[in-house]
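Each remark here refers to the structure printed beneath this line.
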Amino acid sequence: AQSVTQLGSHVSVSEGALVLLRCNYSSSVPPYLFWYVQYPNQGLQLLLKYTTGATLVKGINGFEAEFKKSETSFHLTKPSAHMSDAAEYFCAVSVGFAGGTSYGKLTFGQGTILTVHP
Amino acid sequence: DSGVTQTPKHLITATGQRVTLRCSPRSGDLSVYWYQQSLDQGLQFLIQYYNGEERAKGNILERFSAQQFPDLHSELNLSSLELGDSALYFCASSATQQNTEAFFGQGTRLTVV
Numbered sequence: 001a002q003s004v005t006q007l008g009s010h011v012s013v014s015e016g017a018l019v020l021l022r023c024n025y026s027s028s029v030p031p032y033l034f035w036y037v038q039y040p041n042q043g044l045q046l047l048l049k050y051t052t053g054a055t056l057v058k059g060i061n062g063f064e065a066e067f068k069k070s071e072t073s074f075h076l077t078k079p080s081a082h083m084s085d086a087a088e089y090f091c092a093v094s095v096g097f098a099g100g101t102s103y104g105k106l107t108f109g110q111g112t113i114l115t116v117h118p
Numbered sequence: 119d120s121g122v123t124q125t126p127k128h129l130i131t132a133t134g135q136r137v138t139l140r141c142s143p144r145s146g147d148l149s150v151y152w153y154q155q156s157l158d159q160g161l162q163f164l165i166q167y168y169n170g171e172e173r174a175k176g177n178i179l180e181r182f183s184a185q186q187f188p189d190l191h192s193e194l195n196l197s198s199l200e201l202g203d204s205a206l207y208f209c210a211s212s213a214t215q216q217n218t219e220a221f222f223g224q225g226t227r228l229t230v231v
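Chains as they are written, first to last, in our numbering: chain A, 1 to 118; chain B, 119 to 231.
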């Protein structure tokens with residue numbers, strides 16, 4: 001079975017500061033990894049994903065994440081925070097076909113609420 | 119706009135009742151997933167369908183059932199509702215069953231009173 005741990009349920013940064021949201025996963029097979037963002041009263045929007053290939057992946061709105069197998073991590077970063085980045089962020093893992101009956105099931109972390117101060 | 123449509127957006131019903139939530143996937147997507155989001159449990163996977171067949175099951179209660187129709191839309195049926203079933207229910211879709219990219223709808227907020 002797979003699991004996701006997001007370190008820090010709340011992260012607060014100043015506008016223009018580095019954003020770092022931490023995610024560690026557990027999976028018995030090579031994972032697919034995702035970051036989603038949820039704005040208040042809205043659905044989840046995919047920010048970026050890692051499936052295979054390059055371990056540094058770039059997403060929308062200037063976010064990027066690096067898959068580190070040795071550390072079982074997939075931390076999300078953005079060099080300079082903007083007020084519009086304030087939202088809740090979810091890290092998720094799936095195991096595709098390798099997961100047998102798990103197929104495309106996404107296992108989510110508990111979420112990190114990002115607050116951006118002026 | 120993700121292209122995934124969920125109806126209704128809000129639903130208020132009484133305990134013991136039955137409701138049906140509807141989801142239309144993105145055009146061309148064959149896989150549909152249902153998730154429940156609540157404050158205490160977070161985002162929990164309920165069930166996945168692929169091209170009309172059940173593919174994976176998560177923490178879905180026996181009082182809940184789902185199906186995917188030939189036109190690929192899906193319905194989630196919740197019966198004998200309890201206060202604890204109040205949550206946001208999301209539908210997502212992906213092109214394939216192994217989910218390299220899932221797109222989420224806006225959700226249906228269910229309130230059981």
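We put the CB at the ideal spot given by N, CA and C, even for glycine.
Using a Cβ cut-off of 8 Å, pull out every chain A residue sitting near residue 229 of chain B, in sequence order please. Here the question's residue 229 of chain B lines up with position 111 in the second sequence. Residues of chain A with a Cβ closer than 8 Å to the Cβ of residue 229 of chain B do not exist, since the nearest Cβ in that chain sits about 14 Å away.
Here's a check: name, in chain order, each residue in its chain whose Cβ is nearer than 6 Å to the Cβ of residue 174 of chain B, leaving out the five neighbours to either side. The sequence position of residue 174 of chain B within the second sequence is 56, counting from 1. Counting only Cβ-Cβ distances below 6 Å, and skipping sequence neighbours, we find 166.
Using CA coordinates, which residue listed in A:50, A:94 and A:108 is at the minimum distance from residue 29 of chain A? Within the first sequence, residue 29 of chain A is the residue found at index 29, counting from 1. The option with the nearest alpha carbon to residue 29 of chain A is A:94.
Given that residue 204 of chain B touches chain A, what residues does it touch there, using C-beta distances under 9 Å? If you number the second sequence from 1, residue 204 of chain B lands on position 86. For residue 204 of chain B, no chain A residue has a C-beta closer than 9 Å to its own C-beta; the minimum C-beta separation is roughly 16 Å.
Find the residues of chain A that neighbour residue 151 of chain B, judging by a C-beta separation of less than 9 Å, and give them in chain order. If you number the second sequence from 1, residue 151 of chain B lands on position 33. Those within 9 Å of residue 151 of chain B in chain A are 104, 105 and 106.
Verify whether the separation of the beta carbon atoms of residue 226 of chain B and residue 164 of chain B is less than 8 Å. By 1-based counting over the second sequence, the position of residue 226 of chain B is 108. By 1-based counting over the second sequence, the position of residue 164 of chain B is 46. Their beta carbons are not under 8 Å apart, which means residue 226 of chain B does not touch residue 164 of chain B by this criterion.
Could you check if residue 123 of chain A is buried or exposed, using at least 16 other CB atoms within 10 Å of its CB as the buried criterion? Outside the displayed range of chain A (1 to 118) lies residue 123 of chain A, so it cannot be described from this structure.
Which chain B residues are close to residue 46 of chain A, counting only those with a beta carbon under 9 Å from its beta carbon? Locating residue 46 of chain A in the first sequence gives position 46, where the first residue counts as 1. Neighbours of residue 46 of chain A on chain B, chain order: 120, 219, 220, 221 and 222.
heavy atom of the ligand ZN below 7 Å from residue 17 of chain A C-beta: Absence of the ligand ZN is noted for the structure shown, with no ligands found whatsoever.
For residue 163 of chain B and chain A, any beta-carbon pair shorter than 8 Å? As a position in the second sequence, residue 163 of chain B is number 45, starting the count at 1. Closer than 8 Å: yes.
Closer than 8 Å, CB to CB, is residue 58 of chain A near chain B or not? On the first sequence, position 58 is the one that residue 58 of chain A refers to. Chain B contact via Cβ: absent.
Whose Cβ in chain B lies nearer than 8 Å to the Cβ of residue 111 of chain A? Within the first sequence, residue 111 of chain A is the residue found at index 111, counting from 1. Per Cβ cutoff of 8 Å: 160 and 161.
Is the stretch 182-195 of chain B in contact with the stretch 61-76 of chain A, if contact means three or more CB pairs nearer than 8 Å? Counting Cβ pairs under 8 Å, fewer than three are found: no touch.
I think residue 150 of chain B touches residue 197 of chain B, with their Cβ atoms under 8 Å apart; what is that distance to the nearest whole Å? Sequence index remark: in the second sequence, residue 150 of chain B carries index 32 (1-based). Sequence index remark: in the second sequence, residue 197 of chain B carries index 79 (1-based). 20 Å between Cβ atoms; not a contact.
Show which residues of chain A have a CB atom less than 8 Å away from the CB atom of residue 134 of chain B. Here residue 134 of chain B is taken as the residue at index 16 of the second sequence, counted from 1. Ordered by position in chain A, no residue passes the 8 Å Cβ test against residue 134 of chain B, which lies about 28 Å from the chain.
What is the C-beta distance between residue 6 of chain A and residue 104 of chain A, in whole angstroms, given that I count them as a contact (C-beta under 8 Å)? Counted from its first residue, the first sequence places residue 6 of chain A at position 6. Counted from its first residue, the first sequence places residue 104 of chain A at position 104. Incorrect: roughly 21 Å between the Cβ atoms, too far for contact.
Does the beta-carbon of residue 117 of chain A have 16 or more other beta-carbons within 10 angstroms, so that it is buried, or is it exposed? Numbered from its first residue, the first sequence carries residue 117 of chain A at position 117. The residue is exposed, with fewer than 16 neighbouring Cβ atoms inside 10 Å.
Residue 51 of chain A versus A:61, A:41, A:38 and A:67, residue with shortest Cα-Cα distance: In the first sequence, residue 51 of chain A corresponds to position 51, counting from 1. Closest by alpha carbon: A:67.
Expressed to the nearest angstrom, what Euclidean distance is found between the alpha-carbon atoms of residue 80 of chain A and residue 44 of chain A? Counting from 1 along the first sequence, the entry for residue 80 of chain A is found at position 80. Counting from 1 along the first sequence, the entry for residue 44 of chain A is found at position 44. Roughly 22 Å between the two C-alpha positions.
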